[in-house]
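Everything on this sheet refers to the single structure shown next.
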Amino acid sequence: MKKVAIIGGVRIPFVKSFKEYNHISNQEMLTACLNTLVTRYGLEGKRIGEVALGALLNRSTEWNFARECIMGTALDPHTPAYNLQRACGTSLDATIQLGLRIACGQIDTGISGGSDTNSDIPLLFKQQLAWKLVDLRAAKSLGERLKILATIRFKDLSPVYPSIVEPRTGLSMGQHTEKMVKEWGITRQEQDALAYQSHMNAAKAYNDGFFNDLVMPFKAVERDTIIRADTTPEKLAALKPAFDFSGNGTLTAGNSTLYTDGAAALLLASEEYAQQQNWPVQAHLVDAESAAVDYVHGEGLLMAPTYAVARLLKRNQLRLQDFDVYEIHEAFCGQVLCTLKAWENAAYCKKLGWDTPLGSINRSKLNTRGGSVAIGHPFAATGARIVAQTAKILQQRGSGRALISICTAGGMGVTAILER
Numbered sequence: 355m356k357k358v359a360i361i362g363g364v365r366i367p368f369v370k371s372f373k374e375y376n377h378i379s380n381q382e383m384l385t386a387c388l389n390t391l392v393t394r395y396g397l398e399g400k401r402i403g404e405v406a407l408g409a410l411l412n413r414s415t416e417w418n419f420a421r422e423c424i425m426g427t428a429l430d431p432h433t434p435a436y437n438l439q440r441a442c443g444t445s446l447d448a449t450i451q452l453g454l455r456i457a458c459g460q461i462d463t464g465i466s467g468g469s470d471t472n473s474d475i476p477l478l479f480k481q482q483l484a485w486k487l488v489d490l491r492a493a494k495s496l497g498e499r500l501k502i503l504a505t506i507r508f509k510d511l512s513p514v515y516p517s518i519v520e521p522r523t524g525l526s527m528g529q530h531t532e533k534m535v536k537e538w539g540i541t542r543q544e545q546d547a548l549a550y551q552s553h554m555n556a557a558k559a560y561n562d563g564f565f566n567d568l569v570m571p572f573k574a575v576e577r578d579t580i581i582r583a584d585t586t587p588e589k590l591a592a593l594k595p596a597f598d599f600s601g602n603g604t605l606t607a608g609n610s611t612l613y614t615d616g617a618a619a620l621l622l623a624s625e626e627y628a629q630q631q632n633w634p635v636q637a638h639l640v641d642a643e644s645a646a647v648d649y650v651h652g653e654g655l656l657m658a659p660t661y662a663v664a665r666l667l668k669r670n671q672l673r674l675q676d677f678d679v680y681e682i683h684e685a686f687c688g689q690v691l692c693t694l695k696a697w698e699n700a701a702y703c704k705k706l707g708w709d710t711p712l713g714s715i716n717r718s719k720l721n722t723r724g725g726s727v728a729i730g731h732p733f734a735a736t737g738a739r740i741v742a743q744t745a746k747i748l749q750q751r752g753s754g755r756a757l758i759s760i761c762t763a764g765g766m767g768v769t770a771i772l773e774r
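What follows is the structure, given as structure tokens:
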């Protein structure tokens, strides 16, 4: 198996939805990232082995989204591309899939990425109206058309807005996380403390110039807009619950990710091809694992990464403490804290196939350049953002091992190990 090299990634600034990127499409955002990769690594006119891109909030007309993005770049038009989606793990999964193809020698290069926007959201009409319109198009006479038109009611015209709700429970991700934090005894203060640290780490990373080559200007925006360098524990404590209004809610807009617009892309290659192109290698993708939980019958919706990491550690004969960097996606601070607490619980770890608890991690190694609560979370872009950020951290360290963990809708999780 060949070594899978992470060459580098780029993204546009992540912004709060319905503001700076209003009416900007997923394709435009992601194509901008791809064009920057093309220019940075001299890929003009070159054929990439494979490109895997995704978006959650996509129009039905964008059925060939990835290929259209590629056709908007200076890459050789013979470059193939395909769509994929695994909710919040989309672009991490894209990276893993391409990494496997590089490792087994099918391709030498790959580009993974993702994009999502709430500000150019694809609105639908009720299914009853869609059926009537299909029947209208198939009608053979004016009389048939008039008869169908007469059945259309004003209520049929009301749009259906996409919502992040689990179809099998009717609960939002935030409502599910409220159940999780109550089960694991995670306090509001703990969640706010993690959120505060996320903002402080991200703000310091900007001040240190860490994001200079990771974030490209786009639409007159030069840096992420959600990061709050001036937030305080007191400001976070003053926010009202956002999902549980019973008086017992602990999740707020401050310790949860906000609706975010953004895109990110990542260049991968075999070690040999990187050497041929004189591309410095930031890190290597070593292994990965995905998992799912039965959230319908009581397991926490966002706890699947606990299973995935447990399997990943066992297969690689590692302990949870054998990492220099931990990048755990902050869908909600409560979800991160539930995951960490579960790994410390002996009874829970029995379910994961371990005779002893996985144990605790050194919190100073967690999301050291800021996490999703501070930076933002455009669903399909987050995986590529985290991989690029983690690879650069390892490059700056000179050596080390990193654990990446991303929870997703549908009770799934995607995890990976990076090394340098």
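The numbering of the sequence shown is our numbering, which starts it at 355 and goes up by one. C-beta: ideal position from N, C-alpha, C; glycine also. Just so you know, these numbers come straight off a predicted model, no measurement behind them.
query, result
"Alpha carbon of residue 522 to alpha carbon of residue 534, nearest angstrom", "17 Å"
"Residue 565 to residue 552 span [Cα, whole Å]", "15 Å"
"Own chain partners of residue 455 with C-beta closer than 8 Å, once the 5 adjacent residues on each side are dropped", "403, 404, 461, 464"
"Spatial distance of residue 577 from residue 737 (CA atoms)", "19 Å"
"Residues that DSSP places opposite residue 617 in a beta bridge", "469"
"Contact belief for residue 616 with residue 730 at Cβ below 8 Å, rounded distance in angstroms", "6 Å"
"Bounding residues of the beta strand (DSSP E) (the contiguous stretch that carries residue 641)", "637-646"
"Beta-ladder partner(s) of residue 463, from DSSP", "623"
"For residue 520, three-class secondary structure by DSSP", "coil"
"Unbroken alpha helix (DSSP H) run spanning residue 435, endpoints", "Element bounds for residue 435: not the alpha helix (DSSP H) but the beta strand (DSSP E), 435-437."
"Boundaries of the alpha helix (DSSP H) in which residue 537 is found, first to last residue", "527-538"
"Whole beta strand (DSSP E) elements within the stretch 373-425, 3-residue minimum", "404-408"
"Cβ shell of residue 749 (< 7 Å), same chain only, five flanking positions each side left out", "636, 637, 774"
"Endpoints, beta strand (DSSP E) assigned at residue 759", "755-762"
"Sub-8 Å separation of residue 677 and residue 739 beta-carbons", "no"
"Residues of its chain near residue 377, where Cβ-Cβ distance is below 6 Å and the 5 sequence neighbours each way are ignored", "474"
"Extent of the continuous beta strand (DSSP E) run through residue 507", "That residue, residue 507, is in no beta strand (DSSP E); it is neither H nor E in DSSP."
"DSSP bridge partner residues for residue 610 (one or two, in chain order)", "686"
"At least three beta-carbon pairs within less than 8 Å, the stretch 587-595 to the stretch 624-643", "no"
"Cβ-heavy atom distance, residue 500 to the ligand GDP, below 7 Å", "Annotation note on the ligand GDP: not contained in the displayed structure, which lists no ligands."
"Nearest-angstrom beta carbon gap, residue 441 and residue 766 [assumed within contact, 8 Å]", "7 Å"
"Element boundaries [alpha helix (DSSP H), containing residue 747]", "736-751"
"Three-way DSSP call (helix, strand, coil) for residue 313 in this model", "This structure gives no information on residue 313, because the portion of the chain shown stretches from 355 to 774."
"Beta-carbon proximity of residue 540 to residue 695, cut-off 8 Å", "yes"
"Contact under 8 Å by Cβ, residue 742 with residue 758", "no"
"DSSP state of residue 586 mapped onto helix, strand, coil", "coil"
"Backbone CA spacing between residue 639 and residue 760 [nearest angstrom]", "15 Å"
"Extent of the continuous alpha helix (DSSP H) to which residue 715 belongs", "Per DSSP, residue 715 belongs to no alpha helix (DSSP H) and is neither H nor E."
"Residues of its chain near residue 715, where Cβ-Cβ distance is below 7 Å and the 5 sequence neighbours each way are ignored", "674, 675, 680, 694"
"Boundaries of the alpha helix (DSSP H) in which residue 444 is found, first to last residue", "444-457"
"At least three beta-carbon pairs within less than 8 Å, the stretch 603-613 to the stretch 543-550", "yes"
"Which of helix, strand or coil DSSP assigns to residue 553", "helix"
"Any 3 or more C-beta pairs closer than 8 Å across the stretch 500-519 and the stretch 474-487", "yes"
"Alpha carbon of residue 631 to alpha carbon of residue 361, nearest angstrom", "11 Å"
"Continuous beta strand (DSSP E) stretch holding residue 769: start and end", "766-773"
"Status (buried if at least 16 other CB within 10 Å, exposed otherwise) for residue 779", "As displayed, the chain neither begins before 355 nor continues past 774, which places residue 779 out of reach and without an answer."
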